[in-house]
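One structure below.
Here it is, written out as structure tokens:
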């Protein structure tokens, strides 16, 4: 049973091949989603008692799940001061997006060369969802659908390591956006800009697809750093706390 106010997102950050997840697995996913959604804000401390009570779990599995996110780089642990949500400043943005380019272009090449038509159709469906989100004019929905399309492309390549890395990377991209600006903003032409990616993929144009992805990600860095030569129109939304909260999870082992 899902909690109506939980930070549920697209499938991307929650992706897992665990068929019967433990309590720790569920808490890890819940915390990752909360960071992605901005429920746990960048730089904020993780208050163990409060978070454990909200999730309806004990502090032991919460602490274990949080340590996993420390290993992913989403949380930071300081001896004697506990854990907090990491921040990703402007100085780290180029490196973050270089990692994205590496993962996404590698997955793109694999998908073009050996991906099934059904896998490519899944990317087309993700773009359809982006088009639908674009019609809402809601920056958060558009941004989420944008990242989900990129995650879907990587997952469609069928390499579990690339998918796992991408799952963390898209959360970090959201964190970087929250870290460098007080406003959450996306391109107004996001859906149109991504159409060419799907077209190049469906044409199985490997170099064309890689070029599109590289150009798009380089442009995102320039925009976030205020260095874009030709500024684009954006949809903006105040990056205040979303109207969603952490809520009880269904813990299979009752912890």
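Numbering (the numbering used here), first residue to last: 2 to 256.
Even glycine gets a Cβ: it sits at the ideal position worked out from N, Cα and C.
Note that the coordinates shown come from a computational prediction; the quantities given were computed from them, not determined experimentally.
Put simply, the backbone Cα of residue 94 is about 23 angstroms away from that of residue 79.
Residue state for residue 83 is assigned as strand, using DSSP reduced to three classes. Counting the other Cβ atoms within 10 Å of the Cβ of residue 184 gives fewer than 16, which makes it exposed.
Pairing residue 157 with residue 209 gives a Cβ-Cβ distance that is not under 8 angstroms.
DSSP, reduced to helix, strand and coil, places residue 230 outside both helices and strands of the structure shown, so it counts as coil. In this structure residue 73 touches residue 169 by the C-beta definition: roughly 5 angstroms separates them, less than 8 angstroms.
An exposed status is given to residue 228, since fewer than 16 other beta-carbon atoms sit within 10 Å of its beta-carbon. Annotated as proximal: residue 29 and residue 69, with beta-carbon spacing under 8 angstroms. With a cut-off of 8 angstroms on Cβ pairs, the region 133-144 is in contact with the region 184-203, counting three or more such pairs.
For the pair residue 43 and residue 180, the CB atoms are nearer than the 8 angstroms cut-off. Your pair residue 24 and residue 58 checks out as a contact, with CB atoms roughly 6 angstroms apart and the cut at 8 angstroms. Residue pairing from DSSP leaves residue 181 without any beta-bridge partner. Per DSSP, reduced to three states, the secondary structure at residue 205 is coil, with no helix or strand assignment. The Cβ atoms of residue 46 and residue 85 lie closer than 8 angstroms to each other. Judged by DSSP secondary structure, residue 145 falls within the alpha helix (DSSP H) whose first and last residues are 140-157. Non-local C-beta neighbours of residue 225 in its own chain, meaning closer than 8 angstroms and more than five positions away in sequence, comprise 91, 94, 177, 178, 181, 182, ordered along the chain.
Fully enclosed alpha helix (DSSP H) runs of no fewer than 4 residues occupy 24-38, 49-56 of the region 24-58, in order along the chain. The Cβ-Cβ distance between residue 97 and residue 174 falls below 8 angstroms. For residue 121, the enclosing alpha helix (DSSP H) stretches over residues 118-137. Residue 206 holds the alpha-carbon nearest to the alpha-carbon of residue 121 among 55, 206, 135.
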